[in-house]
Amino acid sequence: MSGQHAVNRSARPALYLVMVMLLALIPVSSPGGAFTLQESPSPNHVGSQMYDYQIYVASPNSTAGGDGFLTTKEPQSGGQEEIVVSDETAQFKSPRMLTDLSVLGYNGLVRIKMFHTVEASNPGVNATYTFTLVNGGSSWSDTLRIEACERTLFNSCPVLEASAEISIPADGFDIEDDEQLVLEISADMEGCQDQGGSGLPVNSDCSATIFFNDIEGTSDHTKIEFKSNALSESLLIVQRDGAELIDGAQLEWFPNDSPDNRIMQFRFQVESAFGRFDINSVRLSLVDPSGIMKVDQPLSDSLEGVDDTSWAISGMYDWEYSRGSMTPGEYLPSLEVTDIQGHTIVIEHDDLVMKQFGVSILHGDDVDRSVEYIAPSQITVIPLQLQHRGSSGQLDVDLQVITNFNSNWNVSFDAPGGYLLNEGGAIVNPILTIESPQDLRNAPPQLVIRAVGEAIVDGGPEIVATETLYLDLEKVDTYASPLTSIWNENRTQQYDNSSRPDSFDTSVPRFVEDGDFTVFIMEIWNNGFDEDEFRIDILERSKAIIQIVDNDTGVVIVEDLTDGTYHTDSINRHMTEVLQIRVKPSGDRDDPDQGLIRFEVASEGNSSKVSEVEFTVQRTFGVRAEPVFDCDSVPLGTVNQTTCSDGMSMRIRVTNSVVDSSTSTNWRLINPADLQRNVDSDESYSQWEFKIVDNSGDSIPYLTLAPQQSGEVTLEIDPPDQVE
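Just so we're aligned, residue 622 is where the sequence shown starts under my numbering, counting upward by one.
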């Protein structure tokens, strides 16, 4: 089917599109912690209706290739372009699709509109246009025969509008991600060779030309028209704060939930198959049951968490509602997208339901806690928290232990008849007590507690809310070896840990100033089931004076004269005691500057449960030096000539460790070859060449440092040739 009419015509009215969305697979957690994937109804809906698209033929795009660019953006600059399609086939290409794009025709027909001229210098000439739509390995064509305009010196041929319709499959076709739609136009001329007066053929000057981009004399364009939905793979999903895409949508919400559960995370990805340029604006909204806009937020990269890239507008927007501020009912979240053709596309989401009734059950000590502990013949007391997280109404809550304990166990709640939550937001704190048998070999691995809420609805009782709490049950001894660790004073660097001693080199010296107490930190974690006290024994002290001080109170712990150890206060199960270990090195200059300090920490409840930690101290006299970099990196302060291809060197930080002074001190830097201690260790060191230089490479004989000030120098090492 084809047609032709004059250039001037009214503009086609704006088309308004409504579009909705899809989702993927949603995981369902099992009580054991594992999960499987199953298909679940999507919170977004893909409409079966497609929408009118005008695909303009614009100037060539270097990325897409071809003689012209197929785009949703209307050409408004760059002037008119033309191709003589009787001489060559014109090929117009779309961008590579960012997502799959479905194309439908109008009753199976894709419309082609073009502006063209067919000219000849003699009458009786015709042009047959061939229009071919190419998608991957498939193509569909139509032809259109048009009589040429006879051109004379006094009569020019006008640019005309023509149309054709290409028949495609009734169910359309799909342009796959990263593929292109291609339109090819060519023309065959007929009658260009006519018989002259002598009966001989006479060559006629004839051609068929198409015009595109910003065509002169008209506001219309050469273009393709079909039905599609370029934003069909966009995404909107409402989740709890911190959820991942695979976690799926959160459709049920509660007005009086905990703060973390009152944060709505709107995850979105708005993308057009044609590219980011096809999207004009995006606005997020949330409408309450009475039609009031609770959220009305334009989305752009000016917002934290929103990315506006060359292919999409995507990211997350968090919105927190205040406690008790949401009335029960259905809330509609949506994205309103406007594109460059003036369409308004609404990406809708399933309604969010704000519930009147709801109950939460959490661990009373720590809402994030997922483990409880049992020990032989011991009583485990588990505090719980029940909350009415709905909007209103009285809830009677029955707590049930779903886990199967045998008759050797005694499991009970402090209120067997249940718990009353008077109104939305109300909280009560039940207590569950578990008395364990001596033999725990058949102890269940998990404790499952279910809360069932009942309310009066329409004059009768009805179960309106259920919630389940899962706690892993971990078997521990009544008393256990403590987990003990040693840190620097600020607890930024750990020196030893009894649970993983192989992870630390305890021979690395830690500086202690002569005549002063240097503070280290000891942490003792009660790893047993019951509360316990601990005895600290100093096994090695390197002739140092050692004080043990309660870090919270500053009280010095005095040595117990009956057993020669230092006793801590009682420490609750899985709690930590923090102590200061104050070390003053020996005042005798003949004593070694380095020495090991080692502690044993033993359980008072079971003296066989012990742990050990240790560290090495090095006495300093107002100044300390330590390597911070060397040419072969590990370990610092030890260099290997074969590894250091550019020469052996190390960078050393020198610190004035004097505290109670305001005067700077000049510290002389002694060449290692001249230091008698090195010569006594190995006479060959006197034959080595050492240089101490600053960061400019100049020799530096001394450093001037204020109290607690540091400076860096570089030690360059050049051993004799026979040294490897």
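Where is the CB? At the ideal position from N, CA and C, for every residue including glycine.
- Cβ-Cβ separation between I1107 and M1143: approximately 6 angstroms, consistent with a contact (criterion under 8 angstroms).
- Residue A769 holds the alpha-carbon nearest to the alpha-carbon of G812 among F794, A769, Q918.
- The three-state reading of DSSP puts R1010 in coil, since its state is none of H, G, I, E or B.
- Here K976 is buried. Its C-beta has 16 or more other C-beta atoms within 10 Å.
- Per DSSP, the continuous alpha helix (DSSP H) segment holding Q1297 begins and ends at 1297–1302.
- When secondary structure is reduced to three states using DSSP, D1315 falls in the coil class, being assigned neither helix nor strand.
- The distance from the Cβ of G979 to that of A1086 is about 5 angstroms, consistent with a contact at the 8 angstroms cut-off.
- Taking a contact to require three or more Cβ pairs closer than 8 angstroms, the segment 1330–1343 and the segment 1301–1314 qualify as touching.
- Taken in chain order, the unbroken stretches of beta strand (DSSP E) that lie wholly in the segment 1137–1161 and span 3 residues or more are 1139–1146, 1155–1161.
- Under the three-state reduction of DSSP, P880 is assigned to helix.
- For F775, no beta strand (DSSP E) run applies, since DSSP gives it neither H nor E.
- Close CB contacts of S1320 within its chain, under the 8 angstroms cut and outside five residues either way in sequence, are with K1312, I1313, V1314 (chain order).
- The closest CA to that of P779, considering only S762, F832, R732, Y750, is found on F832.
- Note on geometry: alpha-carbon atoms of L857 and E1152 lie some 51 angstroms from one another.
- When rounded, the separation of the alpha-carbon atoms in G758 and M947 is 55 angstroms.
- In the three-state reduction of the DSSP assignment, D868 falls in the helix class.
- Counting other Cβ atoms within 10 Å of its Cβ, K1230 reaches 16 or more and is therefore classed as buried.
- One alpha carbon belongs to I1291, the other to R1274, and they sit about 15 angstroms apart.
- With fewer than 16 other Cβ atoms inside 10 Å of its own Cβ, T773 counts as exposed.
- Per DSSP, reduced to three states, the secondary structure at A1294 is helical.
- Taking one beta carbon from each stretch, the segment 1325–1334 and the segment 1273–1287 have 3 or more pairs nearer than 8 angstroms; the two touch.
- The DSSP-derived three-state label of Q999 is coil.
- The DSSP-derived three-state label of R1245 is strand.
- Per the coordinates, the alpha-carbon of D1158 lies some 49 angstroms from the alpha-carbon of A864.
- If you check the CB distance, S1278 and T1241 come in under 8 angstroms.
- Boundaries of the beta strand (DSSP E) harbouring L983: 980–984, taken from the DSSP string.
- When the beta-carbon positions are compared, S879 and V1018 stay at least 8 angstroms from each other.
- In the structure shown, the three-state DSSP call for Y1306 is helix.
- Within its own chain, the residues whose Cβ lies closer than 6 angstroms to the Cβ of S760, once the five positions on either side in sequence are excluded, are T753, listed in chain order.
- Scanning its chain for C-beta atoms nearer than 7 angstroms, with the 5 sequence neighbours on each side dropped, one finds around L1061 the residues I995, P997, K1096, in chain order.
- Counting other Cβ atoms within 10 Å of its Cβ, M914 stays below 16 and is therefore classed as exposed.
- Inter-residue distance for D795 and R717 is about 13 angstroms (C-alpha atoms, whole angstroms).
- Straight through space, the alpha carbons of V1140 and E1110 are spaced by roughly 6 angstroms.
- Within the segment 669–718, the complete beta strand (DSSP E) segments of 3 residues or longer fall at 672–679, 689–692, 701–705, 711–714, listed in chain order.
- Remark: three or more beta-carbon pairs, one from each stretch, lie closer than 8 angstroms, so the segment 910–924 and the segment 937–947 are flagged as touching.
- The three-state secondary structure of F794, taken from DSSP, is strand.
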